[in-house]
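Structure, as structure tokens:
There are 2 protein chains.
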Amino acid sequence: MVAITTATARVSAHSPSAGLLAQRVLATPLVDRIQPAGTRRSFAKGEELFAEGEAADFFYKVVSGTVRVCKLLSDGRRQIEAFQLPGEIFGLESGMEHRFTAEAVEDTVVVAFRRGRFASLMHENPAFSDQLMSSVIQSLERAQEHMVLLGRKTAQEKIATFLLDMSRRLSRGDQVELPMQRTDIADHLGLTIETVSRTLSQMVRDGLIKLAAAGRTIVISNKGGLQALNG
Amino acid sequence: MVAITTATARVSAHSPSAGLLAQRVLATPLVDRIQPAGTRRSFAKGEELFAEGEAADFFYKVVSGTVRVCKLLSDGRRQIEAFQLPGEIFGLESGMEHRFTAEAVEDTVVVAFRRGRFASLMHENPAFSDQLMSSVIQSLERAQEHMVLLGRKTAQEKIATFLLDMSRRLSRGDQVELPMQRTDIADHLGLTIETVSRTLSQMVRDGLIKLAAAGRTIVISNKGGLQALNG
DNA sequence: CGCTCTCTTGAGCCCGCTCAACGACAGTGG
DNA sequence: CCACTGTCGTTGAGCGGGCTCAAGAGAGCG
Chain A
136 MVAITTATAR VSAHSPSAGL LAQRVLATPL VDRIQPAGTR RSFAKGEELF AEGEAADFFY
196 KVVSGTVRVC KLLSDGRRQI EAFQLPGEIF GLESGMEHRF TAEAVEDTVV VAFRRGRFAS
256 LMHENPAFSD QLMSSVIQSL ERAQEHMVLL GRKTAQEKIA TFLLDMSRRL SRGDQVELPM
316 QRTDIADHLG LTIETVSRTL SQMVRDGLIK LAAAGRTIVI SNKGGLQALN G
Chain B
136 MVAITTATAR VSAHSPSAGL LAQRVLATPL VDRIQPAGTR RSFAKGEELF AEGEAADFFY
196 KVVSGTVRVC KLLSDGRRQI EAFQLPGEIF GLESGMEHRF TAEAVEDTVV VAFRRGRFAS
256 LMHENPAFSD QLMSSVIQSL ERAQEHMVLL GRKTAQEKIA TFLLDMSRRL SRGDQVELPM
316 QRTDIADHLG LTIETVSRTL SQMVRDGLIK LAAAGRTIVI SNKGGLQALN G
């Protein structure tokens, strides 16, 4: 592992004045080259990666599958902050404990990085530090975009935004295979499951989308129409 | 400025194995000792620090006053992501442009840090890098907490949470001097100005709070009662 | 085939929004 | 000094989008 660290450090030393946050993603993410430093772990659908309040010894990167990151209120109301798709990093904390719960939406593989070990690695390897920083800032930007949705968009706009976002992030063509069920979508968008279902049905009637495979597959038939709705 | 940089780097080199994100705030924030590297700037109430889409050449730290960070939808609907109070850092981006607008809620003084200059500073000075990282992660945690509020809390709970948060962040005792007007509170909590006003009035009737100074000063007379409401 | 889990659809209600008026100040100018 | 004006906060009346409660429809699986 030391060898890997030095190698990547040498690479970054040669990169010409790598500006912090200047480029969003480097050609080959360092976090991948350093991957051996992390532990590969698998989780079955529905399994919990960690819970709110647990010690935050690790942070994670999704290899395959989907993770939902959520918070609960005392009476069980739930807010899903984000769905983490392959390539995305989550679980970094400023304190000692996790501030939210992470669960596998479907069968999922992640790489777990020990937090303490990465402190020194970050210091020795500026380029790696930049990437981690960039990743956290992107999470923040996504959170900010989502706050607009939660606070100011109508049900129709929320669904439209969600579908376009999912389409962009995991589609092959204009077909989207949703990994999560309606309850998850509802808790992500600040709606009820019934409103999600009704809104999707209405979009089918309006010719914006088509539903298949028990509602899990969505074909976007009028992308422009959806975009006009997304606020 | 070069002298200052080296000085702070030397200090951090002596700090014993400062673990990344291990402690939330160091005794003397480095960003303050390096403050000379930033430019002090003043903004009048209502003035814009930067707008969505502008080049993100600087990031900022609040010295005094209050900044609102917000996003607009095409039809004018607004979501205030956060109110930045003295000591807080904002305006860091992963891309080249600002993704949101920042405006002074009241007369405000900030320190503006040139982004490019801090890339090298971060690399030379791990402790500074840690602090910046910690600050961004804390913004993310706050955003996540706020998403629960926006997506899953009732008007009453939103107001209760807001008042307790403001009280914690800027109160002397149980009296809170709100720097922002009702429109800002509404756009922060995903409500209308009328609902904010009505809910506050109801809380006065319920003996939870007292209002003074044209509604800008709030005395929390039953903190437990408010806490029971905050979800 | 029956059981369970998920999604859909319907009927009715309520919380928060819309529209509108009024009140409380502060600043300004005659 | 007071009338005029603009900004901000409060209050009322009524509406409607999304929620609640309830039942039905598919799909997967033993």
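If you read the sequences in order, they're chains A and B. Last residue of the first sequence: 366 in the numbering used here, with the numbers rising by one and none dropped. Last residue of the second sequence: 366 in the numbering used here, with the numbers rising by one and none dropped. Ideal Cβ placement from N, Cα and C applies to all residues, glycine included.
Inset, instruction - Would you mind working out which of B:204, B:287, B:358, B:270 sits nearest residue 320 of chain B, comparing C-alpha positions? - result: Of the candidates B:204, B:287, B:358, B:270, the one whose C-alpha sits nearest the C-alpha of residue 320 of chain B is B:204.
Inset, instruction - Closer than 9 Å by beta-carbon distance: list the chain B residues that pair up with residue 234 of chain A, in chain order. - result: Going along chain B in sequence order, the residues near residue 234 of chain A (Cβ under 9 Å) are 276, 279, 280.
Inset, instruction - Could you spell out where the beta strand (DSSP E) holding residue 349 of chain B opens and where it closes? - result: Per DSSP, residue 349 of chain B lies in no beta strand (DSSP E) and is assigned neither H nor E.
Legend entry - Simplified DSSP state of residue 378 of chain A, which is helix, strand or coil: This structure cannot settle anything about residue 378 of chain A, because the visible part of chain A is limited to 136 through 366.
Inset, instruction - Give a single yes or no on whether residue 196 of chain A has its beta carbon closer than 7 Å to a heavy atom of the ligand GDP. - result: With respect to the ligand GDP, the structure offers nothing, as it holds no ligand at all.
Inset, instruction - Using a Cβ cut-off of 8 Å (strictly closer), state whether residue 298 of chain A contacts chain B. - result: Chain B, which has no Cβ nearer than 8 Å to the Cβ of residue 298 of chain A, makes this no.
Inset, instruction - Kindly list the residues whose CB is nearer than 8 Å to the CB of residue 140 of chain B, restricted to its own chain and excluding five residues on each side of it in sequence; keep chain order. - result: Note that residue 140 of chain B scores 31 on pLDDT, short of 50, meaning its location in the model is unreliable and no value can be drawn from it.
Legend entry - Inter-residue CB distance, residue 279 of chain A and residue 179 of chain B (contact presumed, cutoff 8 Å): So it is not a contact: roughly 25 Å between Cβ atoms.
Inset, instruction - Within the same chain, show all residues whose beta-carbon is closer than 8 Å to that of residue 327 of chain A, passing over the 5 residues directly before and after it, in chain order. - result: In chain order, 321 place their CB closer than 8 Å to the CB of residue 327 of chain A, counting only its own chain and leaving out the 5 sequence neighbours on each side.
Inset, instruction - Please list the partners that residue 331 of chain B has in chain A, where partner means a Cβ-to-Cβ separation under 9 Å. - result: Near residue 331 of chain B there are no residues of chain A at all, since even the closest Cβ is about 13 Å away, more than 9 Å.
Inset, instruction - Pair every Cβ in the segment 230-245 of chain A with every Cβ in the segment 183-197 of chain A, then say whether three or more of these pairs are closer than 8 Å. - result: Three or more pairs of CB atoms, one per stretch, sit closer than 8 Å, so the segment 230-245 of chain A contacts the segment 183-197 of chain A.
Inset, instruction - Write down the C-beta distance between residue 81 of chain B and residue 228 of chain B rounded to the nearest angstrom, noting that I regard them as a contact closer than 8 Å. - result: Because chain B spans 136 through 366 in this model, residue 81 of chain B falls outside it and cannot be assessed.
Inset, instruction - Could you check how far apart the C-beta atoms of residue 270 of chain A and residue 224 of chain A are, in whole angstroms? I think they sit under 8 Å. - result: About 5 Å; that satisfies the 8 Å criterion.
Inset, instruction - Mark residue 174 of chain A as exposed unless 16 or more other C-beta atoms lie within 10 angstroms of its C-beta, in which case mark it buried. - result: Answer is exposed; the Cβ neighbour count stays below 16.
Inset, instruction - Tell me, please, whether the CB atom of residue 224 of chain B is closer than 8 Å to any CB atom in chain A? - result: Judged by the 8 Å Cβ criterion, residue 224 of chain B is not in contact with chain A.
Inset, instruction - Give me the Cα-Cα distance between residue 273 of chain A and residue 234 of chain B, rounded to the nearest whole angstrom. - result: Spanning the two alpha carbons is a distance of roughly 11 Å.
Legend entry - Within 8 Å, strictly: CB atoms of residue 250 of chain B and residue 194 of chain B: Result yes, Cβ atoms of residue 250 of chain B and residue 194 of chain B sit closer than 8 Å.
Inset, instruction - Could you tell me how far apart the beta carbons of residue 282 of chain B and residue 216 of chain A are, in whole angstroms, since I believe they sit closer than 8 Å? - result: Indeed, because the Cβ distance is near 6 Å, the residues count as touching under 8 Å.
Inset, instruction - Give a yes or no on whether 8 Å exceeds the smallest Cβ distance from residue 220 of chain A to chain B. - result: Answer no: the Cβ-Cβ gap between residue 220 of chain A and chain B never drops below 8 Å.
Legend entry - Buried/exposed call for residue 362 of chain B, threshold 16 Cβ in 10 Å: Under this definition residue 362 of chain B is an exposed residue.
Inset, instruction - Identify whether residue 179 of chain A lies in helix, strand or coil by the three-state DSSP scheme. - result: It is coil, neither helix nor strand.
Legend entry - residue 326 of chain B in three-state terms, based on DSSP: Coil, per DSSP.
Inset, instruction - Find the residues of chain A that neighbour residue 336 of chain B, judging by a C-beta separation of less than 7 Å, and give them in chain order. - result: Ordered by position in chain A, no residue passes the 7 Å Cβ test against residue 336 of chain B, which lies about 22 Å from the chain.
Inset, instruction - Measuring only between beta-carbons, confirm whether residue 241 of chain A sits less than 8 Å from chain B. - result: The beta carbon of residue 241 of chain A does not come within 8 Å of any beta carbon belonging to chain B, so the residue lies off that interface.
Inset, instruction - Drop a sphere of 10 angstroms on the beta-carbon of residue 289 of chain A, count the other beta-carbons inside from all chains shown, and report buried for 16 or more, exposed for fewer. - result: When all chains shown are included, residue 289 of chain A counts as exposed.
Legend entry - Neighbour list for residue 285 of chain A in chain B, Cβ cutoff strictly below 7 Å: Listed along chain B, the residues sitting closer than 7 Å to residue 285 of chain A by beta-carbon distance are 282, 285, 286, 325.
Inset, instruction - Verify the CB distance criterion: does residue 227 of chain B have a CB-CB separation below 8 Å to chain A? - result: With 8 Å as the cut-off, residue 227 of chain B counts as an interface residue toward chain A.
Legend entry - Pairwise C-alpha distance: residue 366 of chain A and residue 208 of chain B: About 6 Å.
Legend entry - CB contact below 8 Å: residue 271 of chain A versus chain B: Output row for residue 271 of chain A: interface = yes.
Inset, instruction - Kindly indicate the opening and closing residues of the alpha helix (DSSP H) around residue 207 of chain B. - result: Here residue 207 of chain B belongs to no alpha helix (DSSP H); instead the beta strand (DSSP E) covers 202-207.
Inset, instruction - Closer than 9 Å by beta-carbon distance: list the chain A residues that pair up with residue 366 of chain B, in chain order. - result: By Cβ distance, chain A contributes 208, 209, 210, 212.
Inset, instruction - Report the neighbours of residue 216 of chain A on chain B: residues whose CB is nearer than 7 Å to its CB, in chain order. - result: Neighbours of residue 216 of chain A on chain B, chain order: 279, 282.
Legend entry - DSSP beta-bridge partners of residue 174 of chain B: Note: residue 174 of chain B sits in a beta bridge opposite B:247.
Legend entry - First and last residue of the uninterrupted alpha helix (DSSP H) at residue 198 of chain B: Where residue 198 of chain B is concerned, there is no enclosing alpha helix (DSSP H), although the beta strand (DSSP E) it sits in stretches over 193-199.
Inset, instruction - Just the C-alpha distance for residue 206 of chain B and residue 268 of chain A, rounded to the nearest angstrom, thanks. - result: Each residue's alpha carbon lies about 22 Å from the other.
Legend entry - Cβ separation of residue 298 of chain A and residue 344 of chain A, assumed to be a contact under 8 Å, to the nearest whole Å: 7 Å between Cβ atoms; contact.
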